[in-house]
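Numbering (mature numbering (1 follows the signal peptide of the UniProt record, and there is no 0)), first residue to last: -23 to -1, 1 to 342.
Every residue gets a Cβ at the ideal spot worked out from N, C-alpha and C, and that includes glycine.
Note that the structure is a prediction, hence the values are computed from the model and not measured.
The block underneath contains the structure these notes are about, expressed in structure tokens.
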């Protein structure tokens, strides 16, 4: 292999390495050397699965690799994690409380719906508390961040399945109520007024649970088959620490929002969150911060008519030589300069005269 071929191979290898490094840099969501996924669930920083990979203990994810596929759990608890998003939401699985009876009205082993979260509260905008059954009193008790006790419930009745409407949760076969903000833990139980006698054939059990409103759509089948469902998705709101943005910025060493990002206070619970500034994208918690978006590469991201120049966090539009204006589709656009207009008109005139001259030549007709 001669020197020229070596140089070509070296250049190709360098280019490939640069592409890999660039891709990893622009798309990094986890810290270097840290696990980015547990099974099918992505684990973005500030969360992590091992020491040195998470922001603090509240963001530790335990990855159970003894099963296939591996499953992530919140802290060292039994709370299964379904997904983590950088906008402050995490989806988890919570238990369904059951209250079943025999045909003669004898109560079988009831179960509770419960969850204990040391730091992050349940979302009061995405979750609802549900009661399902034709003879069901669903009760929920909980404690918020300040230690304040919370207790409420709803009642669900129906005479038969024929009176129940799919998709409706208005107290006939299904009831639902909102939950308060800042709710850290709860336990829920289902009870009965008549031990489900009279409707046992179609509904032997009552159910009580907290779940995502969008994940649970009531159907008549739930009156019987939800007994086989032990877990349902719910959503919690996570945030950094217990300070506001203003307070956190006083100590930049522990401040979680990195380069090219902003800060906003949590709307549910304590703490703050970070988001990328306009014109940037990526993980605002990552040490590398958010990366610039090149709007000029995508015509849907810029308003330029002719020329686009990318800048940090933004872009500028301009007109080519011989044109003037701001170069924007939503502005002045680009108009030809007077001299250019004259040149175009002169050019057209000359072409026209040449054309007429050709037509007037002898033998051209």
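Element boundaries [beta strand (DSSP E), containing residue i]
i, result
"residue 59", "58 to 62"
"residue 356", "With the chain covering only -23 through 342, there is no way to say anything about residue 356."
"residue 71", "66 to 72"
"residue 250", "249 to 253"
"residue 129", "126 to 134"
"residue 41", "38 to 41"
"residue 291", "291 to 295"
"residue 211", "208 to 214"
"residue 162", "160 to 168"
"residue 144", "That residue, residue 144, is in no beta strand (DSSP E); it is neither H nor E in DSSP."
"residue 153", "151 to 154"
"residue 90", "90 to 93"
"residue 118", "112 to 121"
"residue 183", "182 to 189"
Buried/exposed call for residue i, threshold 16 Cβ in 10 Å
i, result
"residue 184", "buried"
"residue 198", "exposed"
"residue 245", "buried"
"residue 216", "buried"
"residue 83", "exposed"
"residue 2", "Reliability fails at residue 2, whose pLDDT of 42 lies under 50, so the model's placement of it is uncertain and no value is given."
"residue 98", "buried"
"residue 79", "exposed"
"residue 209", "buried"
"residue 178", "exposed"
"residue 93", "exposed"
"residue 76", "buried"
"residue 237", "buried"
First through last residue of the alpha helix (DSSP H) which encompasses residue i
i, result
"residue 288", "Where residue 288 is concerned, there is no enclosing alpha helix (DSSP H), although the beta strand (DSSP E) it sits in stretches over 284 to 288."
"residue 224", "222 to 225"
"residue 201", "199 to 202"
Length of the line joining the Cα atoms of residue i and residue j
i, j, result
"residue 230", "residue 32", "12 Å"
"residue 28", "residue 14", "15 Å"
"residue 112", "residue 268", "56 Å"
"residue 170", "residue 87", "15 Å"
"residue 25", "residue 310", "49 Å"
"residue 95", "residue 35", "8 Å"
"residue 186", "residue 273", "49 Å"
Integer Cβ distance of residue i from residue j, believed to fall under 8 Å
i, j, result
"residue 130", "residue 116", "4 Å"
"residue 158", "residue 219", "Not quite, the Cβ-Cβ distance comes to about 15 Å (not below 8 Å), so this is no contact."
"residue 59", "residue 121", "The pair is not a contact, with the Cβ atoms about 24 Å apart (cut-off 8 Å)."
"residue 308", "residue 255", "Not a contact, Cβ separation roughly 19 Å."
"residue 164", "residue 118", "6 Å"
"residue 279", "residue 262", "Going by Cβ atoms, the distance from residue 279 to residue 262 rounds to 28 Å, so no, they are not a contact pair."
Min CB distance residue i to chain B below 8 Å
i, result
"residue 260", "The structure shown contains no chain B; it holds only a single protein chain."
Open item on the list: Pairs of beta-carbons, one from the region 43 to 56 and one from the region 12 to 21, closer than 8 Å: are there three or more?
Closed with: yes
TODO: Assess, as a yes-or-no matter, whether the region 219 to 239 is touched by the region 148 to 157 under the definition of 3 or more beta carbon pairs within less than 8 Å.
DONE: no
Task: the region 292 to 302 in contact with the region 276 to 283 per 3-pair CB rule at 8 Å - done: yes
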